[in-house]
Each structure stands twice: as structure tokens, then as C-alpha cells.
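Residue numbers (our numbering): 377 to 956.
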């Protein structure tokens, strides 16, 4: 405990010194901890970029293919003018850090549009504050409205007139209402008209423009709603719609498409034969498939049952058609899936050490072997159609759920559980002249990382967990991992655990741990054995019987419960620092 006490004294001294310096500058300093107390402290980047983070969209300048704009689900917009050798954040001063879509004006490549708020429906998504426009390649930005859209799926610009802009707004994920639907501007974003909409929970996921005639548009409506208990990712208002008059009128396309309620829908128009349109469609109970139309969407044929999987369709459902080979389709998924026969068969592309969970893709119109991918683990570039990849190990956009520190010397370490990038640890400082490097960071546990904790008397004992309460004790010296999740007695049902279950080291005894699912557990031997100290503290509700979007849904609706916490769980723990 002496190290713990020294750390507290050091922190207190820092605050006192900071406060003293401010007191000399101000005649009437405010007492206690407030903005003035901390104004002398500056943020310092620690990294890491060894696993990067979730990429939402990538736009490449068609006249200078060394210039990329990278939209990060939880990290703003980054620009490179040398194919990723160096990267610069260009969106940090704006009102949202979460990005859903990026589009470069086809008539003026210095004009860049950004839709804020991720275009996926995960439990960890950030929300946005509308659409932004830059006229100088990202040096300055202006918010162009739709501030309550929260999640932007796609932006399209008429190649004949840069003032004509279409925005597919998914709308709020955790509530109804807001700016949702397909919006059109004819004055460069100064005003917007809602041209395709539905009920209070229905937005537009994608909008696509026929390359032969920009007045011909395809859009996919998406009815969805998430709460703490579940995600309802579809409904009767989801569907595919077409306009032949630049959005003035719309009609739903139904011939050959499912009669049942649909969920999230991804679309693509063949660049080689625009009469061919592709659709990946989610249905109830995690079913669905791939459809193709050869007559501009007027009729459809189901090609296969393949549907993106992993954590669910809400997280993927984007397709990209190759401009080099007809019927060559890439589908975003936990693993990249490829079809060369118009969706009849999909083959998982082997990707070695490349990260999974794909969200963005860019082709080179002059190089059929080139692909650029955005994943949950950053940006990857390939010159041989995915046989080998170059990873951008200089994009520090890892999304941390929770962080913790140890009391190591001479520099303490920072630990964080991350979204799909493991639990990572790294030094707060280094004596290396180059500063903290990727190689200084290390992994304590695989999968999605969540709340970590470090023994205050022994910095080599680190507690880490992956989702839904899978708790381990990690020995930093040996690399040994011991699984220590509390287990029910024989005859008891399994415990429910939160996606991010709370772990607490007692401030009175570092060997004493607390952990919780629907009940609280205590260990007196660093997790080797556990005793429940409470019963079920939840309300015990059945999430399938709770109303969502104003109604109770049938069992075979478009539920998504896989990438969720078990419902009815403890989310946080604390023990009195004075009374054990």
C-alpha cells in the first residue's frame, strides 16, 4: 500500500502546485477541484496505433490517388496526401468525433462532405450533429444542418451540379424522431427538403445514383430501434425504393423481394452494367440473403442465403461492386466475403493477420488488383486483391471503453479495454528519445476488452475481461492467463453478465475482489475462489416481452440479441474507502 499512498501524495502535490501557480495569477482563486484547478494541465498523446481502430468510411481523391480522407467511427476525420505515410487529424475542432460518411465533390475535389454519427447500430456507436462541408480540402468546416440526424448513412452529389446533394439520414438509434429519411438540397446544403421518409423510427440507410442518369435514384429505408435490452433491426417500413425524377416521386420495389418485414438493406449498382442492381437483405431471426436485379430494380431474384454475420447485420450490410469485373461483389462482414458470380456463392477471403470487421472499401479504376479497406482495426491497402496487405500503423484511433493505471516505477502504465482491439497496456512516459512507440504497448487479453484493474501493490497482476463477464488474471512477468470468472454451484442456472462487467479491487485489501453479473461476487484470494454476497439484484424482466417502437414484437421479428449484454445485470460497483 506504500506505493498506492505515494501515488496519491504525488497526485495531490501536482494539484497543489497547479493550484498554487494559478493562485499567483488570479487574485480570487476558486477553492476545490474546478476548471481553474486543472487549467495548467495539458493533454499528451500516448497512442497506441498498433491496432488502430474502427474505420467508417474512406474517400480517395480521383485526381490525386495519394490523397485520402479517412472517417473514423470514434475518432474524427484524418487526411493523408502520401497514401498513409503521414496522417493529419482535420476534424478535431468540430461538434462530433463520430463519422458515418465522407464524400468528395466529383466537380471540385477540394470540396469534401462529412456526415457525422456512425452508420452502424452497435451498442458502442457515437452520435453526430449533422452534415459538414469543407471548401478547402478539410482545412475549415461548416455545419450544414440536419443536426438531429445523429447517424448519417451515405452522401451523394449530382455530378452535373454540385449544389444538388442527397443525404441518407438513419436518424437517432436510441429514440424515435429527429432528422431521419432522405434529404435533398439544391443550394449546396443551405436548405434541405425531406424527399423520402417513414414513421418516427424509420430512416434511410443508403442512397445510390445511376451513373448513366443521376435523376435515377435507389434508396433503402430502415426501421430500427435500440435500447439497453435489445436491438430491433427491422420492421414493416424497411424496403427498397426507386425514383426516376431526382427524388420528386418514389415507388417501392417489391417484385421478387421478400414479403416479410425486412431489416437492414445494403445496395450496389454495377459500374459495368448499371441495369444490374444488388441487394443484401436482413430478415427475421438473423436470416436473409442476397438478391440481384437485371432490369434496374423492377424485378429481383434471390441468389443465395448468404448474409453478413459476426455481431449482426446492424454492424455490416454494405456491398461493393467491382468496376473491373462484372458480378464481382465484395460484402462487408466480420471476414471479407467475395462473390464472382453475382452473389450465387460467397467465399471468405483469407486475410492472415489483417483485422476483421470490415466497413469501408475503395477501388482504383486503373488497377484491378488494388483495394483499400477500412476495418475495426484500421486501414489496410492491397495491390494483389487481398493476398497481402499494408497496415497503417500510425493511425491512433483505438476506442477505449474504460481505463485504469498501475503504480509501476519509474513510469506508471495505463491500461484500457478496447472495442474489438483487445485489452492493451502502455507506459505513461518513456526515457526513449523518440517518445512512446507502438512497441511499448502490449496486450493482456484478446477480443473486445473492457474494464481492467491492476493490483495496487503488484503492477504485474492485471485483471482483464472480454465481453459478458469473461474475467482473467494476467501475469505481466510470465504472460500467464488464469480464467477466474465466478461460476454457479451445481444445479444453479448460469449467471448473466453485462457486456462490460464491473471489476473492483478492494481499497482495504488488494487480494479482495468484487465482480458482478445479476448478483455480486466476492473473492478473498485474487479470484481463485468466489462467494456470492447478494441475490439477483435485477428486475428479472423478459426483454422479448418489453415494448419497442410502441409495440411488443413476435419472436421471429428482426431481433438482434447477440452483440448485447445479458439483460438485467449490475453495471457498476464501489466499496466504501473508509468502511471495509
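Note that beta-carbon positions come from the ideal geometry of N, C-alpha and C, so glycine has one too.
Please read these numbers as outputs of a predicted model, since none were measured by experiment.
For residue i, does the three-state DSSP call read helix, strand or coil?
i	result
residue 642	strand
residue 843	coil
residue 401	Residue placement at residue 401 is poorly supported in this model, since its pLDDT is 46, which falls under 50; the coordinates still yield a value, given next. Note: residue 401 maps to helix in three-state DSSP.
residue 769	coil
residue 778	strand
residue 823	coil
residue 534	coil
residue 527	coil
residue 438	coil
residue 813	coil
Could you spell out where the beta strand (DSSP E) holding residue i opens and where it closes?
i	result
residue 945	Looking at the DSSP string, residue 945 is not in any beta strand (DSSP E), and its letter there is neither H nor E.
residue 578	578-585
residue 413	Not the beta strand (DSSP E): residue 413 falls in the alpha helix (DSSP H), residues 411-414.
residue 879	879-881
residue 599	593-599
residue 618	615-619
residue 898	896-899
residue 789	789-794
residue 698	It is not in any beta strand (DSSP E) - residue 698 carries neither H nor E in the DSSP assignment.
residue 323	The question about residue 323 has no answer here: the residues shown for the chain are numbered 377 through 956.
Drop a sphere of 10 angstroms on the beta-carbon of residue i, count the other beta-carbons inside from all chains shown, and report buried for 16 or more, exposed for fewer.
i	result
residue 849	buried
residue 510	buried
residue 724	exposed
residue 828	buried
residue 766	exposed
residue 910	exposed
residue 884	exposed
residue 794	buried
residue 597	buried
residue 421	exposed
residue 557	buried
residue 401	Because the pLDDT at residue 401 is just 46, under 50, the model does not fix this residue reliably, and the value given afterwards should be weighed accordingly. Residue 401 comes out exposed.
residue 399	In this predicted model, residue 399 has a pLDDT of only 39, less than 50, meaning its place in the structure is not dependable; the value taken from the coordinates is given anyway. So residue 399 counts as exposed.
residue 874	buried
residue 917	exposed
residue 955	exposed
residue 755	buried
residue 661	exposed
residue 866	exposed
Compare the C-alpha of residue i against each of the options and name the closest.
i	options	result
residue 617	652, 704 and 626	626
residue 479	504, 458, 530 and 520	530
residue 526	535, 550 and 533	550
residue 493	505, 486, 487 and 484	505
residue 945	501, 844, 899 and 902	844
residue 520	489, 501 and 537	489
residue 857	887, 826, 819 and 779	819
residue 894	915, 905, 713 and 861	915
residue 903	668, 886 and 430	886
residue 638	951, 836 and 693	693
Is residue i near the ligand HEM, with its Cβ less than 7 angstroms from a heavy atom?
i	result
residue 723	By its list of ligands, the structure shown contains no ligand whatsoever, and the ligand HEM lies outside what it can speak to.
What first and last residue would you give for the alpha helix (DSSP H) that runs through residue i?
i	result
residue 492	Residue 492 -> not in any alpha helix (DSSP H); beta strand (DSSP E) instead, spanning 488-492.
Answer with yes or no whether the minimum CB distance from residue i to chain D is below 8 angstroms.
i	result
residue 620	Of the protein chains in the structure, only one exists, and it is not chain D.
Tell me the DSSP bridge mates of residue i?
i	result
residue 680	666
residue 647	In DSSP, residue 647 forms no bridge with anything.
residue 561	541
residue 518	509
residue 731	Note: residue 731 sits in no beta bridge, so no partner.
residue 475	492
residue 713	707 and 724
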